[in-house]
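In what follows, a single structure is set out as structure tokens and then discussed.
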């Protein structure tokens, strides 16, 4: 399975139903693209994305890709049930750094301070970032903007999951040329 | 020296002269208050804050407090010269987490994506945060706002270094009651 | 794939042919047991274990389990080709901590200072550890011994890969009771 | 205070009285040399070293050097009282990596698995290491030995605190040439 890209889905552990639906569609789009999913492994947007990922993967009848949950705790006791590979770090919010570091691309859905930290860290690390433009929170606020004046593309304002995936796929293809 | 608070000064490694002057005044205010200073140990806002800290400390003729530089690199080769205690982490941007974790309060001056990540992480960790309201960048944008809907005080919009210090000192006193 | 145990294989990035053969057999045994493999993702013992893992997995004709490589570098450029999921950490030797933290059990093969650090960290974290008793290095030295006086089983002295796997499987079963 | 070396004292959080006396003398020797002390910030060897450090520093009537405690917890609530600068990391045993990374030299006193991990990590990072040869535990076992076959000096077998300090000072002088 080498070289299969890993896409991080970042968002809050607690979100409204319409935000969770967007997260679910993002997870599905990642599985349909045959990419791995990375997230923080907890509830809310993370769980909805993993659930969408598993649902789409089951439809495709494959085990080729996996959902990875990078947890702040020392154990995997509180991982959501749709994570395939639980990574307990015991490093608290430093797990936010690990998520953005291991991701080849980042898709943001809604989100509060944790999501904001991951957008900022992902930006620092030069990762392609798409934010769902109608998902509220920091994703909606930062969609289409530049986080600072470094010479890179702004956060992509994605209309929906398919649009976000198209952007990420394009950036990854460009990177392979 | 136990129990002397540590105040993080966060800001960009590259900044305009007027921003550096603000950072210098923040560093001075921290030394005058007899608090330790914590920063990322590099140039720009970090160096200006450390220089201001050292200048004020020399005026006060004390070695009671120190400037700590928490570096992303494996060595201290690129620490600014006004840091007293260099902490090379070899952990890259994960050092942003360490800075916010060890700080008892955070003062933000200007800033790009790194500073934004530290404001977001500091918020997650519940640390008191003051942002210099006229220092541009993310500090100016977030001064007076809430990063998410958690029940805590917004980022304090500080008019100047003394005002920021007054806010931080007040929060620390309240925490000790 | 939730709840599939992850077994860390630890050992040097540079090892003699007979040590690599042992590592290969350990990787095979992990795949045959349908457990995930975790390692440092580099050459030597790590690569041999991943190669054995992939070979056995191909024989079994499954994608149900994966080989995870937790890298010290900021990118996956130097991962060995038999790793399925590369996790670049950008945290240097702190990746040793992540490997032992995420593992449900640890199998040590030969090894120098890095392996020793992982045996010691795994011991601190209370993870079951088997050391290949005839693989030289720290594994051979510590097989059958206690790292300190904490009340736990000594490092298991495994005669071969199958024996190591039997020990780990037994500890995991006991943990689930 | 730039460029003052930082010496890590590593050892168990629980130790016999004669081991604590050795740790105390090591802390004193570090202060008398006007170096900073770094440790894990907890009880046992760490506390005894910090106490010795503070006692000697008071005798010398200086605040020029400080005792730094790098804690596994998210807060400084459980730091020993002789630490000047508490660094809560919230990263658990990954703090062992930070201690060895920031140290310019390492002195080991007695010790169990945590100390062993720090000796191994310090060796990997190429730090000069002195082990008190009559302090029991891993320090006594590894004094005078090589941790692996890398081309570097063995762990120095120190007769006492003064001897350990002489070794470390010599290595630091050599490094500055």
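Residue numbers (this note's numbering), protein chains in the order written: chain A, 1 to 177; chain B, 178 to 354; chain C, 355 to 531; chain D, 532 to 708.
Each residue gets a CB set at the ideal place from its N, CA and C atoms; glycine is no exception.
From a predicted model like this one, the values you see are computed outputs, not experimental measurements.
Residue contact with chain D for residue 279/B: present (Cβ-Cβ distance below 8 angstroms to some residue of chain D).
Of the candidates 656/D, 642/D, 563/D, 642/D places its Cα closest to the Cα of residue 474/C. Residue 66/A sits in coil when the DSSP states are folded into three classes, being neither helix nor strand. The beta-carbon of residue 63/A is placed less than 8 angstroms from the nearest beta-carbon of chain C. Counting along the chain, residue 328/B sits inside no beta strand (DSSP E), nor does DSSP assign it H or E at all. Per DSSP, the continuous alpha helix (DSSP H) segment holding residue 555/D begins and ends at 548 to 563. Taking CB atoms only, residue 345/B has no neighbour in chain D less than 8 angstroms away.
Within the model, the alpha-carbon separation for residue 284/B versus residue 186/B is close to 5 angstroms.
If only uninterrupted beta strand (DSSP E) runs of at least 3 residues are considered, those enclosed by the region 595 to 671 of chain D are 598 to 602, 616 to 619, 636 to 639, 660 to 663.
For residue 511/C, the enclosing beta strand (DSSP E) has its first and last residue at 510 to 512.
Those residues of the region 461 to 475 of chain C placed with their C-beta closer than 7 angstroms to a C-beta in chain D are 466, 467, 468, 470, 471, 474, 475, ordered along the chain. No residue range can be given for residue 397/C, since it is assigned to no alpha helix (DSSP H) and is classified by DSSP as neither H nor E.
At a cut-off of 8 angstroms, the C-beta of residue 158/A has no neighbouring C-beta in chain D. Residues of chain A whose Cβ lies closer than 8 angstroms to the Cβ of residue 577/D do not exist; the shortest such Cβ separation is about 20 angstroms.
As the crow flies, the alpha-carbon of residue 48/A is around 60 angstroms from that of residue 691/D.
Taking 8 angstroms as the cut-off, the beta carbon of residue 598/D is found closer than this to the beta carbon of residue 584/D. In the three-state scheme derived from DSSP, where H, G and I count as helix and E and B as strand, residue 362/C is classed as strand. In summary, the residues of the region 606 to 633 of chain D whose CB is separated from some CB of chain A by less than 9 angstroms are 620, 621, 622, 623, 624, 625, in the order they occur in the chain.
Taking the Cβ atoms as the reference, residue 451/C lies roughly 4 angstroms from residue 625/D, within the contact range of under 8 angstroms. Residue 390/C is bridged by DSSP to 360/C. Scanning 316/B, 347/B, 180/B for the CA closest to the CA of residue 334/B turns up 316/B. Taking 8 angstroms as the cut-off, the beta carbon of residue 57/A is found no closer than this to the beta carbon of residue 24/A.
Between residue 458/C and residue 360/C, the C-beta gap is smaller than 8 angstroms, which places the two residues in contact. Exposed is the label assigned to residue 193/B, since fewer than 16 other Cβ atoms lie within 10 Å of its Cβ. The C-beta of residue 679/D comes closer than 8 angstroms to at least one C-beta of chain C. In this structure residue 434/C touches residue 395/C by the C-beta definition: roughly 6 angstroms separates them, less than 8 angstroms. Rounded to whole angstroms, the Cβ separation of residue 100/A and residue 125/A is 6 angstroms, and the two are in contact under 8 angstroms. Check the Cα spacing between residue 617/D and each of 344/B, 180/B, 351/B: the tightest is with 180/B. In terms of CA proximity to residue 22/A, 131/A leads the group 151/A, 155/A, 173/A, 131/A. The DSSP-derived three-state label of residue 677/D is coil. The DSSP-derived three-state label of residue 238/B is coil.
Along the region 122 to 137 of chain A, the positions whose C-beta sits under 8 angstroms from a C-beta of chain B are 123, 124, 125, 137, read in chain order. Scanning its chain for C-beta atoms nearer than 6 angstroms, with the 5 sequence neighbours on each side dropped, one finds around residue 387/C the residues 519, in chain order. Under the Cβ criterion of 8 angstroms, residue 9/A is not counted among the residues facing chain C.
Closest in C-alpha terms to residue 366/C, from the list 680/D, 594/D, 605/D, comes 680/D. Within 10 angstroms of the beta-carbon of residue 560/D lie 16 or more other beta-carbons, which makes it buried.
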